[in-house]
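There are 2 protein chains.
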Amino acid sequence: MKLFDEKNFIHQLSIDCVIFGYKAGELKVLIPKILLKKPLYSLPGGFIYVDESIDKAALRILEERTGINDIYLEQYYVFGNENRINNDLLNNLEEFSQQMNQLEFEENGLNWLTNRFVSIGYYALVDINKVNPKMGEMDESVDWYNVKSLPKLIMDHNEMVEKALETLRRNLDEKLIGFNLLPETFTMREVQELYEAIYDKPFARNNFQKKILDLDVLERLEKKFTGAANKAPYLYRFRR
Amino acid sequence: MKLFDEKNFIHQLSIDCVIFGYKAGELKVLIPKILLKKPLYSLPGGFIYVDESIDKAALRILEERTGINDIYLEQYYVFGNENRINNDLLNNLEEFSQQMNQLEFEENGLNWLTNRFVSIGYYALVDINKVNPKMGEMDESVDWYNVKSLPKLIMDHNEMVEKALETLRRNLDEKLIGFNLLPETFTMREVQELYEAIYDKPFARNNFQKKILDLDVLERLEKKFTGAANKAPYLYRFRR
DNA sequence: AATTTATTGTCTAATTATTAGACAATAAGT
DNA sequence: ACTTATTGTCTAATAATTAGACAATAAATT
Numbered sequence: 007m008k009l010f011d012e013k014n015f016i017h018q019l020s021i022d023c024v025i026f027g028y029k030a031g032e033l034k035v036l037i038p039k040i041l042l043k044k045p046l047y048s049l050p051g052g053f054i055y056v057d058e059s060i061d062k063a064a065l066r067i068l069e070e071r072t073g074i075n076d077i078y079l080e081q082y083y084v085f086g087n088e089n090r091i092n093n094d095l096l097n098n099l100e101e102f103s104q105q106m107n108q109l110e111f112e113e114n115g116l117n118w119l120t121n122r123f124v125s126i127g128y129y130a131l132v133d134i135n136k137v138n139p140k141m142g143e144m145d146e147s148v149d150w151y152n153v154k155s156l157p158k159l160i161m162d163h164n165e166m167v168e169k170a171l172e173t174l175r176r177n178l179d180e181k182l183i184g185f186n187l188l189p190e191t192f193t194m195r196e197v198q199e200l201y202e203a204i205y206d207k208p209f210a211r212n213n214f215q216k217k218i219l220d221l222d223v224l225e226r227l228e229k230k231f232t233g234a235a236n237k238a239p240y241l242y243r244f245r246r
Numbered sequence: 007m008k009l010f011d012e013k014n015f016i017h018q019l020s021i022d023c024v025i026f027g028y029k030a031g032e033l034k035v036l037i038p039k040i041l042l043k044k045p046l047y048s049l050p051g052g053f054i055y056v057d058e059s060i061d062k063a064a065l066r067i068l069e070e071r072t073g074i075n076d077i078y079l080e081q082y083y084v085f086g087n088e089n090r091i092n093n094d095l096l097n098n099l100e101e102f103s104q105q106m107n108q109l110e111f112e113e114n115g116l117n118w119l120t121n122r123f124v125s126i127g128y129y130a131l132v133d134i135n136k137v138n139p140k141m142g143e144m145d146e147s148v149d150w151y152n153v154k155s156l157p158k159l160i161m162d163h164n165e166m167v168e169k170a171l172e173t174l175r176r177n178l179d180e181k182l183i184g185f186n187l188l189p190e191t192f193t194m195r196e197v198q199e200l201y202e203a204i205y206d207k208p209f210a211r212n213n214f215q216k217k218i219l220d221l222d223v224l225e226r227l228e229k230k231f232t233g234a235a236n237k238a239p240y241l242y243r244f245r246r
């Protein structure tokens with residue numbers, strides 16, 4: 007058995023990903039549940055090969071979890087407190103990966119995993135419909151959680167999500183990255199509801215529509231007849 | 007001789023600092039010159055102890071170079087291309103640190119320095135008058151260079167400065183951090199010239215003054231009589 | 001087929017923010 | 001007393017944002 011080969015990874019450096027998705031008015035985060043007696047929730051993460059760029063490592067980790075490889079992602083912060091140690095791993099060594107005990111753990115050259123880690127935070131924006139969440143080797147399940155009601159995550163991972171959301175908010179208007187969270191085509195109302203979910207505040211419909219159209223990045227397509235008893239909205243597509 | 011003790015540092019992870027200062031209308035960066043036959047310019051950098059937070063490591067490195075310990079600094083980006091290897095070091099092994107050769111280098115357990123490195127970029131803002139630039143163990147000199155005319159630096163360090171400047175510009179208005187570059191008291195003209203140096207563009211004097219005063223973070227002190235044949239400007243101090 | 005309902009797209013007025021122009025105040029030189 | 005260069009601030013012009021209004025319309029209801 008060889009879960010991780012220490013020779014190939016940069017030690018004490020990891021990547022953790024906040025994967026944002028959007029559905030039905032809620033901004034969501036993909037959270038795996040780790041297979042242990044006491045359920046543990048953790049951001050999807052991984053390590054960097056010694057001959058791999060950190061961006062490629064993040065893309066690889068994301069593809070492993072989502073099956074998507076042309077994902078929007080951005081490095082946003084490094085979490086490097088001196089006490090960033092995976093105590094949950096230490097406390098659960100015997101259960102970790104098929105009841106391996108401390109001795110076997112060391113024999114397998116896995117001791118480096120119990121050291122202090124510096125973690126590079128990435129956040130990703132995905133069309134939630136395109137994602138086929140895959141479990142990691144140690145996971146029991148993977149689920150989407152509303153960013154406003156996440157479970158307690160290990161270490162400082164809740165703080166990592168918080169900071170990712172702050173960065174997303176700062177970048178949303180400037181970089182026009184929000185459309186990565188929507189399907190190929192969408193209505194203006196869907197864009198507005200997405201923005202309202204991200205900023206957690208309402209926008210005025212008339213002015214929001216003007217602001218988005220003035221960006222000059224949307225292409226208006228045919229109307230979308232929903233069957234509702236009202237004027238049918240246009241569909242739009244993000245271009246460029 | 008023991009320059010670096012590999013046991014105590016996190017391997018393949020480094021910190022590099024872009025130290026900004028301001029003088030006479032010019033935004034400057036502190037650049038050490040490394041002691042080798044061919045002169046090499048490099049950002050001041052260092053490594054992280056295994057029991058040290060990355061922020062503390064950055065502060066320690068900055069204090070070593072500037073003598074200041076209450077410095078404003080901010081982590082801004084991680085540079086992690088797979089080819090970030092210090093070729094200049096590799097090519098100059100025999101000169102590196104008192105003519106150490108490849109064999110001695112290995113015997114001293116310094117081989118880890120020739121691996122690929124991931125570097126966390128920090129930028130710092132200092133009052134240039136308070137700084138007493140100190141040379142590192144391998145430096146021949148340390149000098150302030152105008153950010154617009156830097157020498158060719160090793161590896162991707164020029165790119166690191168460029169990205170630090172972009173981040174400084176993005177944060178300047180939002181976080182009001184520019185005053186860290188000025189002495190305790192200053193005139194409005196000096197603030198404006200600082201902003202003009204950072205953004206590399208002129209501002210209208212009347213509106214600039216209004217904008218800065220409207221921030222409500224400056225305290226107006228006595229007038230500054232310069233001896234010039236014109237109205238004496240007020241001195242201001244940044245508060246909070 | 002006319003009427004009603006809920007929503008969409010857009011227009012205009014009101015408000016606020018930004019930019020440009022102007023000028024009095026003033027410290028020291030002539 | 002007059003001149004010069006610069007400072008501090010005011011006001012008008014312009015631009016951007018916000019709030020209010022209303023016609024258009026897809027389908028259900030009468």
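Residue numbers (my numbering), protein chains in the order written: chain P, 7 to 246; chain H, 7 to 246. For every residue, glycine included, the Cβ atom is placed at its ideal position computed from N, Cα and C. None of the values given here were measured: they were computed from a predicted structure.
Residue i versus residue j: straight-line alpha-carbon distance, rounded
{"i": "residue 116 of chain P", "j": "residue 14 of chain P", "result": "12 angstroms"}
{"i": "residue 21 of chain H", "j": "residue 62 of chain H", "result": "11 angstroms"}
{"i": "residue 125 of chain H", "j": "residue 57 of chain P", "result": "15 angstroms"}
{"i": "residue 136 of chain P", "j": "residue 143 of chain P", "result": "22 angstroms"}
{"i": "residue 131 of chain H", "j": "residue 242 of chain P", "result": "45 angstroms"}
{"i": "residue 167 of chain H", "j": "residue 151 of chain H", "result": "12 angstroms"}
{"i": "residue 183 of chain P", "j": "residue 73 of chain H", "result": "42 angstroms"}
{"i": "residue 234 of chain H", "j": "residue 197 of chain H", "result": "19 angstroms"}
{"i": "residue 149 of chain P", "j": "residue 162 of chain P", "result": "19 angstroms"}
{"i": "residue 173 of chain H", "j": "residue 37 of chain H", "result": "19 angstroms"}
{"i": "residue 147 of chain P", "j": "residue 238 of chain P", "result": "39 angstroms"}
{"i": "residue 158 of chain H", "j": "residue 113 of chain H", "result": "32 angstroms"}
{"i": "residue 155 of chain H", "j": "residue 24 of chain H", "result": "15 angstroms"}
{"i": "residue 138 of chain P", "j": "residue 96 of chain H", "result": "45 angstroms"}
{"i": "residue 177 of chain P", "j": "residue 48 of chain P", "result": "25 angstroms"}
{"i": "residue 75 of chain H", "j": "residue 59 of chain H", "result": "16 angstroms"}
{"i": "residue 240 of chain P", "j": "residue 195 of chain P", "result": "10 angstroms"}
{"i": "residue 7 of chain P", "j": "residue 92 of chain P", "result": "Confidence is the limiting factor: at residue 7 of chain P the pLDDT is only 43, short of 50, which leaves the residue's position unreliable, though a coordinate-based value still follows. The straight-line gap from Cα to Cα measures roughly 22 angstroms."}
{"i": "residue 160 of chain P", "j": "residue 119 of chain P", "result": "15 angstroms"}
{"i": "residue 140 of chain P", "j": "residue 40 of chain P", "result": "13 angstroms"}
{"i": "residue 217 of chain H", "j": "residue 246 of chain H", "result": "18 angstroms"}
{"i": "residue 175 of chain H", "j": "residue 82 of chain H", "result": "12 angstroms"}
{"i": "residue 44 of chain P", "j": "residue 145 of chain P", "result": "13 angstroms"}
{"i": "residue 209 of chain H", "j": "residue 180 of chain H", "result": "18 angstroms"}
{"i": "residue 153 of chain P", "j": "residue 46 of chain H", "result": "48 angstroms"}
Exposure label - residue i; buried when at least 16 CB within 10 Å
{"i": "residue 3 of chain H", "result": "Outside the displayed span of chain H (7 to 246) sits residue 3 of chain H, for which this structure offers no information."}
{"i": "residue 127 of chain P", "result": "buried"}
{"i": "residue 52 of chain H", "result": "buried"}
{"i": "residue 212 of chain H", "result": "exposed"}
{"i": "residue 64 of chain P", "result": "buried"}
{"i": "residue 34 of chain P", "result": "buried"}
{"i": "residue 30 of chain P", "result": "exposed"}
{"i": "residue 16 of chain P", "result": "buried"}
{"i": "residue 109 of chain P", "result": "exposed"}
{"i": "residue 121 of chain H", "result": "exposed"}
{"i": "residue 90 of chain H", "result": "buried"}
{"i": "residue 71 of chain H", "result": "buried"}
Chain-ordered chain H contacts of residue i [CB-CB under 8 angstroms]
{"i": "residue 57 of chain P", "result": "88 and 122"}
{"i": "residue 19 of chain P", "result": "16, 18, 19 and 124"}
Cβ-Cβ separation, residue j to residue i (assumed contact under 8 angstroms), whole Å
{"i": "residue 42 of chain H", "j": "residue 123 of chain H", "result": "That belief does not hold up - the Cβ atoms of residue 42 of chain H and residue 123 of chain H are roughly 19 angstroms apart, past 8 angstroms."}
{"i": "residue 50 of chain P", "j": "residue 133 of chain P", "result": "Incorrect: roughly 17 angstroms between the Cβ atoms, too far for contact."}
{"i": "residue 203 of chain P", "j": "residue 32 of chain P", "result": "6 angstroms"}
{"i": "residue 205 of chain P", "j": "residue 170 of chain P", "result": "15 angstroms between Cβ atoms; not a contact."}
{"i": "residue 227 of chain P", "j": "residue 191 of chain P", "result": "6 angstroms"}
{"i": "residue 27 of chain P", "j": "residue 200 of chain P", "result": "So it is not a contact: roughly 11 angstroms between Cβ atoms."}
{"i": "residue 68 of chain H", "j": "residue 77 of chain H", "result": "5 angstroms"}
{"i": "residue 185 of chain P", "j": "residue 111 of chain P", "result": "With a Cβ gap of about 45 angstroms, residue 185 of chain P and residue 111 of chain P do not count as contacting."}
Contacts that residue i makes with chain H (C-beta to C-beta distance below 9 angstroms)
{"i": "residue 219 of chain P", "result": "The contacting residues do not exist; residue 219 of chain P stays about 26 angstroms from chain H at best."}
Neighbour list for residue i in chain H, Cβ cutoff strictly below 7 angstroms
{"i": "residue 24 of chain P", "result": "What residue 24 of chain P touches in chain H: nothing, since even the nearest Cβ is about 16 angstroms away."}
Closer than 9 angstroms at the beta carbon, the chain P residues around residue i
{"i": "residue 60 of chain H", "result": "84, 85, 86, 87, 88 and 124"}
{"i": "residue 108 of chain H", "result": "The premise fails here: residue 108 of chain H is roughly 21 angstroms from chain P at the closest Cβ pair, so nothing lies under 9 angstroms."}
{"i": "residue 81 of chain H", "result": "83, 84 and 86"}
### Task
Decide if the stretch 215-229 of chain P is in contact with the stretch 80-96 of chain H; the criterion is three or more beta carbon pairs, one per stretch, under 8 angstroms apart.
Under the 8 angstroms Cβ criterion, the stretch 215-229 of chain P does not count as touching the stretch 80-96 of chain H, having fewer than three qualifying pairs.
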